[in-house]
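Worksheet for the structure shown next.
There are 2 protein chains.
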Amino acid sequence: MSAPAGRKTWQAVQAAVRARISRRDWKPGALIPHEAELAQEFGCSRGTVNRALRGLAEDGLLERRRRAGTRVALNPQRRAAFAIPLIRDEIEGKGQQFAARILTREMRRPPPDVQARLRVAGAAPILWLETLYTADGAPYVFEARWINTHAVPRALDADFTVISPNEWLVREVPFDSGDFTVSAMAADGRSAAVLGCAEGAGLLVLDRRTQHGAQIITSVRLVFHPGYRMHTRS
Amino acid sequence: MSAPAGRKTWQAVQAAVRARISRRDWKPGALIPHEAELAQEFGCSRGTVNRALRGLAEDGLLERRRRAGTRVALNPQRRAAFAIPLIRDEIEGKGQQFAARILTREMRRPPPDVQARLRVAGAAPILWLETLYTADGAPYVFEARWINTHAVPRALDADFTVISPNEWLVREVPFDSGDFTVSAMAADGRSAAVLGCAEGAGLLVLDRRTQHGAQIITSVRLVFHPGYRMHTRS
DNA sequence: GAGTGGTCTAGACCACGTT
DNA sequence: ACGTGGTCTAGACCACTCT
Chain A
1 MSAPAGRKTW QAVQAAVRAR ISRRDWKPGA LIPHEAELAQ EFGCSRGTVN
51 RALRGLAEDG LLERRRRAGT RVALNPQRRA AFAIPLIRDE IEGKGQQFAA
101 RILTREMRRP PPDVQARLRV AGAAPILWLE TLYTADGAPY VFEARWINTH
151 AVPRALDADF TVISPNEWLV REVPFDSGDF TVSAMAADGR SAAVLGCAEG
201 AGLLVLDRRT QHGAQIITSV RLVFHPGYRM HTRS
Chain B
235 MSAPAGRKTW QAVQAAVRAR ISRRDWKPGA LIPHEAELAQ EFGCSRGTVN
285 RALRGLAEDG LLERRRRAGT RVALNPQRRA AFAIPLIRDE IEGKGQQFAA
335 RILTREMRRP PPDVQARLRV AGAAPILWLE TLYTADGAPY VFEARWINTH
385 AVPRALDADF TVISPNEWLV REVPFDSGDF TVSAMAADGR SAAVLGCAEG
435 AGLLVLDRRT QHGAQIITSV RLVFHPGYRM HTRS
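Taken in order, these protein sequences are the chains called A and B. Under the working numbering, think of the first position of the first sequence as 1, with each following residue one higher. Under the working numbering, think of the first position of the second sequence as 235, with each following residue one higher.
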C-alpha cells in the first residue's frame, strides 16, 4: 500500500495514483475510477482528488474529459520543460566569473526575413547588437540581437556596457509572451572566431522572440560554445 | 478594463493580473496585494484567487512565499516547454509518409560511459538498436538506442520491424520518469552517410533516458536531419 | 508573535460530451 | 438525459518565515 493511511494531502493522492500507473495496475488507455470514488477510497474530499489528478493530466500522464472520465494516457512523456536562465545566473551558478563584452552596436537595416520576424515594415534602421558572454574568460555564448526601436525607442539611450541588453530589456520593457526555437549549426568563420572554436564545430542555437501584445520587442539568437547542453528532467 | 465585471472565474482573475503585470501597473520585484484583498476586489473567494496566482507562479511570472507575500518576478520567461512527440506523429502530422528502418540490432557490450548512464554493472551485452526514420522517404532522424535487457528481458523477443522500438517500449514497459539533454554535433562520417547530408553539417541531438524506479529502461540518442528545429511558444 | 500563502472540506452548480 | 470533470464558495487550520 503506497498510500499512507493517515494522510490525505493531494500530493499523497497524486503519488498513489502515479504509483498505480507506473506499476501498471491501471494500464495505458484504461479508464480509472471517477473522482468521487477515489475520494471515498482515499478518505478525502473530491476537491483534493481533483487537484491531484489535474496535475497528472497537465503532465500528460492522464487524459480527462467530462462525462467520458479519466484515462491513463497512451503516450506519456510528451513534454519537457527546459529552464531558460539568465546567462549571468547560469554562469555564476557554476561558480564562474561572468563577463559580457559588446562587440557591435549600430543602427542597421533589417534584412527581409528579420523584418518579417520582427513584424516591422520597411527597412528603416533599427538597433543591432552583438555581445559575447564569457565564463572565467572563456567564450560561453555569442548573442546577436535586434531590438525593435520603433517599439522601444528608449533602448537607443541605454548604456549596455553597464547592464546587458537582456537584463535591461527584462527590467525596462513590458512584455507578455515569447517563442523559442532550438536548432544546430556548424560553426562558420565568424562564429568560430568569436567563440574561439574550430570552424565546423557543431553549435547549439537558441532563437528567442519577445513580444508585448502584437508588437515584437526583440529577436535574439544565442550561439553557444561547443559542447553546451540544455538539460531537463521530467 | 480587461476584467469583465460580471465574471468571477479563476481565468478571468488570472488574465486581469497578467494584464496588470504586462502593463506594469505592478512592476517587476514589487509586492502585490495579498489574496484576501484581491478576492474582495474581484468579488470572488480566496480559493479562486489562489488558483489564479498559483498558475502564474508556476509559469514563473510571480514569486510567492508564505508570510512574505507575492511579488512580480524579476526575471520571468524562465522556462519553455517543448513538445516531444512520437516521431511517427510528428511526421504524419505534417502529412508526410512515415517509415522506420532498423539498421542494426545486436547484443553489444556497453562502453563504460553507457554503463554509467544506464546504471548497469559490468559489461554483459545488452540490446543495441539503430533505426532510421524517414519522412516521404527522406531521412528524418537517426536513432541509436540501448535497451537495458536486464530490466526488460522481453525486449529480446520483440519484433521491431512491425512496431518501432519506442512505440513498443511505451506500450509494453512501465516507466515513471526520464531526462532529456539537447546538444549539437557536427555530422561525422556515419551520421552523414545515414542521414544523407554533408559531413560537418550541424545536427541537433536529443538524448533521452527513461527510468522506472531506480532502474534505467532505455537510453536513446536522436540525431535529427540538418535544419531540424524544436519549437515552442510560452 | 503575527501575517501570508498552502491546503482541506462539504456542498453546490455548471459545462460538456457521451449515450 | 445524465454522468463526469470543472469550478466556486465560505470557512477552517496549518506551515512557513519575517519581524
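Idealized CB from N, CA, C, for every residue including glycine.
Rounded to a whole number of angstroms, what is the C-alpha to C-alpha distance between residue i and residue j?
i                    : j                    : result
proline 112(A)       : arginine 257(B)      : 30 Å
tryptophan 461(B)    : alanine 317(B)       : The sequence given here places glycine at residue 461(B); tryptophan does not occur at that position. Using only the alpha carbons, I get a separation of about 18 Å.
glycine 6(A)         : glutamate 41(A)      : Because the pLDDT of glycine 6(A) is 44, which lies under 50, any placement of that residue in the model is unreliable, and the question is left without a value.
glutamine 445(B)     : proline 110(A)       : 47 Å
alanine 100(A)       : alanine 135(A)       : 9 Å
valine 428(B)        : glycine 327(B)       : 23 Å
serine 2(A)          : serine 45(A)         : Low confidence applies to serine 2(A): its pLDDT is 37, below 50, so where it sits in the model is not reliable, and the reading given next is rough at best. Going from the Cα of serine 2(A) to the Cα of serine 45(A) covers about 19 Å.
alanine 253(B)       : arginine 312(B)      : 19 Å
aspartate 293(B)     : leucine 456(B)       : 29 Å
phenylalanine 142(A) : arginine 108(A)      : 19 Å
proline 262(B)       : leucine 287(B)       : 15 Å
arginine 442(B)      : serine 417(B)        : 11 Å
isoleucine 32(A)     : isoleucine 381(B)    : 30 Å
arginine 138(A)      : serine 425(B)        : Rather than arginine, the amino acid found at residue 138(A) in this sequence is alanine. If you take the alpha carbons of alanine 138(A) and serine 425(B), they lie about 30 Å apart.
phenylalanine 458(B) : leucine 366(B)       : 10 Å
valine 404(B)        : aspartate 323(B)     : 14 Å
glutamate 364(B)     : valine 354(B)        : 20 Å
threonine 383(B)     : isoleucine 450(B)    : 10 Å
glycine 447(B)       : glycine 289(B)       : 29 Å
histidine 465(B)     : alanine 81(A)        : 12 Å
glycine 69(A)        : serine 453(B)        : 34 Å
alanine 39(A)        : leucine 352(B)       : 38 Å
alanine 249(B)       : cysteine 431(B)      : 47 Å
threonine 470(B)     : threonine 395(B)     : Residue 470(B) lies beyond the residue range present for chain B, which begins at 235 and ends at 468; the question has no answer from this structure.
alanine 73(A)        : leucine 61(A)        : 5 Å
isoleucine 336(B)    : isoleucine 397(B)    : 11 Å
tyrosine 140(A)      : threonine 282(B)     : 44 Å
proline 165(A)       : alanine 378(B)       : 40 Å
phenylalanine 332(B) : isoleucine 321(B)    : 8 Å
threonine 494(B)     : phenylalanine 409(B) : With chain B running from 235 to 468 in the structure shown, residue 494(B) is simply not present.
glutamate 200(B)     : glutamine 245(B)     : With chain B covering only 235 through 468, there is no way to say anything about residue 200(B).
alanine 420(B)       : valine 348(B)        : 21 Å
alanine 291(B)       : glycine 189(A)       : 43 Å
proline 319(B)       : glutamate 297(B)     : 31 Å
With a threshold of 7 Å, establish whether the CB of residue i neighbours any heavy atom of the ligand GTP.
i                : result
glutamate 143(A) : By its list of ligands, the structure shown contains no ligand whatsoever, and the ligand GTP lies outside what it can speak to.
In the DSSP assignment, find the alpha helix (DSSP H) that holds residue i and state where it starts and stops.
i                : result
glycine 189(A)   : 189 to 195
glutamine 245(B) : 244 to 256
valine 170(A)    : 165 to 172
valine 49(A)     : 46 to 58
leucine 272(B)   : 269 to 276
leucine 118(A)   : 112 to 118
Per the DSSP calculation, residue i is bridged to which residue(s)?
i                 : result
histidine 212(A)  : Gln215(A)
tryptophan 128(A) : Glu106(A), Trp146(A)
glycine 469(B)    : This structure cannot speak to residue 469(B), because chain B is shown only from 235 to 468.
glutamate 63(A)   : Arg71(A)
tyrosine 374(B)   : Beta-bridge pairing links tyrosine 374(B) to no other residue.
isoleucine 87(A)  : Its beta-bridge partners do not exist; DSSP assigns none.
arginine 221(A)   : Ala144(A), Asp207(A)
arginine 335(B)   : Leu366(B)
leucine 31(A)     : Arg71(A)
Just curious, the beta strand (DSSP E) that residue i is in, first and last residue?
i                : result
valine 416(B)    : 411 to 420
threonine 466(B) : 464 to 467
arginine 313(B)  : 313 to 317
- [ ] Residues of the segment 397 to 419 of chain B with a CB closer than 8 Å to any CB of chain A: list them in chain order, please.
- [x] Hits within the stretch, in order: Val404, Arg405, Pro408, Phe409, Asp410, Ser411, Gly412, Asp413, Phe414, Thr415, Val416, Ser417, Ala418, Met419.
- [ ] Determine contact between the segment 383 to 401 of chain B and the segment 148 to 161 of chain A, defined as no fewer than three beta-carbon pairs at a distance below 8 Å.
- [x] no
Open item on the list: Tell me which residues of the segment 66 to 99 of chain A have at least one Cβ-Cβ distance to chain B shorter than 7 Å, keeping chain order.
Closed with: Asn75, Gln77, Arg78, Arg79, Ala80, Ala81, Phe82, Ala83, Ile84, Pro85, Leu86
- [ ] Decide yes or no for the touch test of the segment 402 to 420 of chain B against the segment 344 to 360 of chain B: beta carbon pairs closer than 8 Å, at least 3 of them.
- [x] no
Task: Within 7 Å of chain A by C-beta, residues of the segment 276 to 303 of chain B in sequence order - done: none
- [ ] Give a yes or no on contact between the segment 196 to 213 of chain A and the segment 422 to 438 of chain B, applying the rule of three or more CB pairs nearer than 8 Å.
- [x] yes
Task: Residues, ordered as in the chain, of the segment 447 to 466 of chain B that lie near chain A by beta-carbon distance below 9 Å - done: Gly447, Phe458, Pro460, Gly461, Tyr462, Arg463, Met464, His465, Thr466
Task: Residues within the segment 427 to 445 of chain B neighbouring chain A, beta-carbon criterion of under 8 Å - done: Gly434, Ala435, Gly436, Leu437, Leu438, Val439, Thr444
TODO: Pull out every residue of the segment 348 to 370 of chain B whose Cβ sits closer than 7 Å to any Cβ of chain A, in chain order.
DONE: none
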